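Numbering-wise, our numbering comes out as the position in the sequence shown, counting from 1, plus 2.
Virtual Cβ for every residue (Gly too), placed ideally from N, Cα, C.
Keep in mind the model is a prediction, meaning the values are calculated, not measured.
A short write-up of the structure that comes next.
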Amino acid sequence: DNLRALVARHAAANGVPFSLADAVVRIESRYNPRAANAGNYGLMQIRHQTARGVGYNGGAAGLLDAETNARYGMKYLAQAYRLAGGDTCRTVMMYQSGHMAKRMSGANRVYCSKVRTITASN
């Protein structure tokens, strides 16, 4: 529950609906702050280079700290949310594939479907 509260706090601070933030964290790491896979780190499975792009100055291992990961991961998700005009599928497309992504891939459609399923059940 501490991690949900942490995600809720950073979502609110960045203008991201909690239901969306919660779904992304569930999909990315199942709320495991120590998750690491193929260069993606922590709760939100953010890449080190991506975190640096939103102001993070530390090393990759620092992204395994839940507070740090939520802070920078949520900044990146919030940017995607604003660029997508609040559209769920476009937000997760940009979160997953980069803010320059313009076309939904198969993986993006699957991700969006998972987000919609999770948010509908909350």
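Residues that DSSP places opposite residue i in a beta bridge
{"i": "N39", "result": "N42"}
{"i": "R84", "result": "DSSP output for R84 lists no bridge partner at all."}
{"i": "R49", "result": "N42"}
Range of the contiguous alpha helix (DSSP H) that encloses residue i
{"i": "A13", "result": "4-15"}
{"i": "A25", "result": "20-31"}
{"i": "Y58", "result": "Looking at the DSSP string, Y58 is not in any alpha helix (DSSP H), and its letter there is neither H nor E."}
{"i": "R105", "result": "First-last for R105: undefined, no H or E at that position."}
is_contact[residue i, chain C] using C-beta, thresh 8 Å
{"i": "T119", "result": "In summary, chain C is missing from the structure at hand, where a single protein chain is found."}
Cβ pair residue i, residue j closer than 8 Å
{"i": "G44", "j": "L22", "result": "no"}
{"i": "A2", "j": "Y97", "result": "Since the first residue of the chain shown is 3 and the last is 124, residue 2 is not available in this structure."}
{"i": "A80", "j": "G41", "result": "no"}
{"i": "A10", "j": "F20", "result": "yes"}
{"i": "Q47", "j": "E30", "result": "yes"}
{"i": "V117", "j": "A25", "result": "yes"}
{"i": "I120", "j": "R32", "result": "no"}
{"i": "N59", "j": "P35", "result": "no"}
Assumed close pair residue i, residue j - CB separation to whole angstroms, cut-off 8 Å
{"i": "M95", "j": "M102", "result": "At roughly 11 Å, the Cβ-Cβ gap does not stay under 8 Å, so M95 and M102 are not in contact."}
Margin query: Check whether the stretch 50-57 and the stretch 70-82 touch, using three or more Cβ-Cβ pairs below 8 Å as the test.
Written below: yes
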